[in-house]
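Taking it in order: structure first as structure tokens, then the write-up.
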Amino acid sequence: MRISGLATGMDTEQIIKDMMTANRIPLDKITQKKQYLEWQLDDYRSINRDLFSRYNNLFDTIMKESTFNVKKMNNSNEAAVSIRALNATGEFSGTIEVNSLATQATLHGDSFFDQGKLKIGGNEVTSEEFSKAKFSELGLGTGTISIKAPNQQEAVNIVVTADSTINSVLKEINEKTGVNAFFDSGKGVIAMSAKNTGAGKIEISGDAGLLKLPTDLASANNRGGTDASFKFNGLETTRPSNTFTINGFEINLKEPTTTAVTFSSAPDTDKVVESVVKFVDDYNKLIEDLNAKIREPKYRNFQPLSDEQKKEMKEKEIELWEEKAKSGTLRNDPSISSMLTSLRSIMNSSVHVGPGENDKMSLRDLGISTTMNYKDNGKLVIDEKKLREAISADPNKVYQLFNKKPTDDKDPKDGGIAVQYRKVIGDTRKIIEKKAGTSDAVNDTFVLGRTLKSMNQQIERFEDRLKMTENRLWKQFTAMEKAIQRANAQSASMMNMFGGQ
Numbered sequence: 050m051r052i053s054g055l056a057t058g059m060d061t062e063q064i065i066k067d068m069m070t071a072n073r074i075p076l077d078k079i080t081q082k083k084q085y086l087e088w089q090l091d092d093y094r095s096i097n098r099d100l101f102s103r104y105n106n107l108f109d110t111i112m113k114e115s116t117f118n119v120k121k122m123n124n125s126n127e128a129a130v131s132i133r134a135l136n137a138t139g140e141f142s143g144t145i146e147v148n149s150l151a152t153q154a155t156l157h158g159d160s161f162f163d164q165g166k167l168k169i170g171g172n173e174v175t176s177e178e179f180s181k182a183k184f185s186e187l188g189l190g191t192g193t194i195s196i197k198a199p200n201q202q203e204a205v206n207i208v209v210t211a212d213s214t215i216n217s218v219l220k221e222i223n224e225k226t227g228v229n230a231f232f233d234s235g236k237g238v239i240a241m242s243a244k245n246t247g248a249g250k251i252e253i254s255g256d257a258g259l260l261k262l263p264t265d266l267a268s269a270n271n272r273g274g275t276d277a278s279f280k281f282n283g284l285e286t287t288r289p290s291n292t293f294t295i296n297g298f299e300i301n302l303k304e305p306t307t308t309a310v311t312f313s314s315a316p317d318t319d320k321v322v323e324s325v326v327k328f329v330d331d332y333n334k335l336i337e338d339l340n341a342k343i344r345e346p347k348y349r350n351f352q353p354l355s356d357e358q359k360k361e362m363k364e365k366e367i368e369l370w371e372e373k374a375k376s377g378t379l380r381n382d383p384s385i386s387s388m389l390t391s392l393r394s395i396m397n398s399s400v401h402v403g404p405g406e407n408d409k410m411s412l413r414d415l416g417i418s419t420t421m422n423y424k425d426n427g428k429l430v431i432d433e434k435k436l437r438e439a440i441s442a443d444p445n446k447v448y449q450l451f452n453k454k455p456t457d458d459k460d461p462k463d464g465g466i467a468v469q470y471r472k473v474i475g476d477t478r479k480i481i482e483k484k485a486g487t488s489d490a491v492n493d494t495f496v497l498g499r500t501l502k503s504m505n506q507q508i509e510r511f512e513d514r515l516k517m518t519e520n521r522l523w524k525q526f527t528a529m530e531k532a533i534q535r536a537n538a539q540s541a542s543m544m545n546m547f548g549g550q
């Protein structure tokens with residue numbers, strides 16, 4: 050039982066609280082260190098997420114060959130023929146004369162009309178009711194229908210049961226075969242068309258009579274598809290589709306022509322310039338952010354606030370204080386500093402872009418150089434005119450400058466600039482992960498996590514000692530109160546005795 054100042058009149062609770070405040074100073078220091086480490090951990094992981102994003106973005110942008118092989122087409126008749134580059138590395142020019150377009154094979158059956166009406170059991174029904182009725186209700190029987198589309202290797206069998214309906218059979222045909230089929234309610238017939246264009250006919254065999262379809266290829270209801278016929282640079286040729294590829298360029302024939310369509314390609318310098326400028330902007334943003342972080346001042350007089358300190362401060366005061374306290378968590382970090390040094394070296398290096406010993410190129414040859422202001426910490430600037438000239442002269446060499454395949458993937462020092470850049474980012478991420486882990490990592494698997502775990506154990510032990518100390522102080526003060534109470538009682542008893550005489 051705790052007795053608080055009944056005999057002495059002292060504010061025992063406040064006295065013990067003050068004494069415990071002094072005892073808690075070492076614990077507060079450990080807690081502050083833990084909070085600072087948690088802020089540091091968050092900053093490391095934030096940077097690692099940013100590096101991961103840039104690591105992937107490099108691969109999806111500047112490291113794609115298609116980024117540098119963007120072409121623009123000059124075309125005398127876009128309405129008749131459209132051409133676009135897919136994965137072309139060279140230029141493309143010539144003429145096309147379109148004789149005829151590729152068409153689809155079509156087929157239709159005989160009508161289901163009975164005396165001009167759709168009927169079930171002699172009763173007139175709507176086309177919707179007819180399409181949903183079971184074959185047993187339509188009196189059409191059961192069996193297997195084989196369908197083979199043009200250029201299809203094998204026929205596909207469609208099984209018709211008593212419970213099948215026109216709708217269910219057509220759905221299965223559309224899903225499993227190379228044709229599209231539908232029921233024409235106006236004429237009461239089933240019609241089909243090949244999904245792809247090209248020469249050939251739709252072949253129907255088996256129990257085709259279930260759908261009133263013709264099996265005779267010579268039937269007037271069965272029309273074959275045709276190949277596209279055209280003259281390419283004077284060569285008469287055909288294709289089964291109106292869309293096809295030549296030398297990495299996709300050609301789409303739209304309509305027959307009476308005169309030749311002329312076309313030519315050229316590097317789309319604007320698009321390539323845009324990609325290179327974005328690469329430089331992203332690089333500059335990265336080194337700006339990282340240099341700001343490793344040069345951030347550390348305010349040693351602004352330690353993390355304890356819960357007790359926060360209670361005595363306003364929200365704005367806490368915000369301003371913690372802004373100072375969080376500053377400098379990554380100041381002079383060796384892994385980030387090393388990465389920045391490596392990146393600056395890479396951006397000033399030369400890359401072999403051809404077979405010759407002296408066939409080298411650097412970013413300076415593209416008009417990209419480091420700023421003269423040392424405060425920019427190695428940012429790049431672009432002479433766009435020189436960049437355009439280099440791209441127009443040989444976009445493939447510009448691609449090699451960024452993306453030349455290295456001799457050794459594990460140590461790509463002779464690789465392209467983007468290849469080396471990506472490798473440095475990847476290596477730095479691994480170092481940071483060893484130090485700060487990932488969001489789903491267990492504390493035992495990374496350095497800061499193990500330190501935080503150790504601090505948590507220290508805090509638990511210290512809190513246990515504080516509880517013991519507080520209990521001991523209460524016992525001592527309670528014992529003192531009891532002793533003084535007894536002394537007061539004895540003194541009062543003696544006074545009563547003397548007063549009685």
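Under this note's numbering, the first residue of the sequence shown is numbered 50, with each subsequent residue one higher. All C-beta atoms in this analysis are idealised placements derived from N, C-alpha and C, irrespective of residue type, glycine included.
Cα-Cα separation, residue i to residue j
i	j	result
Ile417	Lys483	35 angstroms
Gly273	Glu203	18 angstroms
Gln550	Ser542	Only weak support is given to the placement of Gln550: the predicted model assigns it a pLDDT of 49, under 50, and the question is left unresolved by the model.
Gln352	Glu372	11 angstroms
Gln153	Glu173	35 angstroms
Leu266	Glu252	7 angstroms
Arg413	Thr420	12 angstroms
Leu262	Thr191	15 angstroms
Leu497	Asp338	23 angstroms
Asn223	Gly171	30 angstroms
Ile481	Lys472	14 angstroms
Lys334	Val228	54 angstroms
Leu219	Gly188	18 angstroms
Ser95	Met396	25 angstroms
Phe101	Val209	56 angstroms
Lys121	Ala134	8 angstroms
Leu260	Asp159	8 angstroms
Pro316	Asn445	10 angstroms
Opening and closing residue of the alpha helix (DSSP H) in which residue i lies
i	result
Met388	383-396
Leu335	318-343
Ile480	466-485
Arg98	74-109
Arg288	From DSSP, Arg288 is part of no alpha helix (DSSP H) but of the beta strand (DSSP E) over 284-288.
Leu450	444-452
Glu364	364-374
Coarse secondary structure for residue i, derived from DSSP in three states
i	result
Arg535	helix
Gln550	Model confidence at Gln550 stands at a pLDDT of 49, short of 50, so the residue's coordinates are unreliable; what they give is reported in the following sentence. Here Gln550 sits in coil by DSSP.
Ile65	helix
Thr294	strand
Met544	helix
Phe312	strand
Met112	coil
Val301	It is worth fixing the name first, because residue 301 is Asn in this sequence and not Val. Three-state result, Asn301: strand.
Asn271	strand
Lys168	strand
Lys280	strand
Gly427	coil
Ser355	coil
Phe249	The sequence shown places Gly at residue 249, not Phe. Three-state DSSP puts Gly249 in a strand.
Thr307	coil
Gly498	helix
Asp458	coil
Glu530	helix
Asp493	helix
Glu361	coil
Gly405	coil
Contact belief for residue i with residue j at Cβ below 8 angstroms, rounded distance in angstroms
i	j	result
Gln507	Ile79	6 angstroms
Val321	Ile440	5 angstroms
Host beta strand (DSSP E) of residue i (start-end)
i	result
Thr246	238-246
Thr175	No beta strand (DSSP E) contains Thr175, which DSSP labels as neither H nor E.
Glu252	252-255
Lys409	409-411
Thr419	417-419
Val400	399-401
beta-carbon residue i near the ligand ATP non-hydrogen atom, thresh 6 angstroms
i	result
Ser394	For the structure depicted, the ligand ATP is absent and the ligand set is empty, with no information on it obtainable.
Residue-level contact to chain B via CB, residue i, 7 angstroms cutoff
i	result
Thr214	Within the model displayed, chain B is absent; a lone protein chain is all it includes.
Practice task
Could you name each continuous alpha helix (DSSP H) segment of 4 residues or more that falls completely within the stretch 181-236, going from the start of the chain to the end?
Solution key: Counting only runs of 4 or more, we get 184-187, 215-225.
Exercise for the section: Give, in chain order, every unbroken run of the beta strand (DSSP E) that is at least 3 residues long and sits entirely within the stretch 119-165. Expected result: For the stretch 119-165, whole beta strand (DSSP E) runs of length 3 or above, ordered along the chain, are 120-124, 130-134, 142-149, 153-157.
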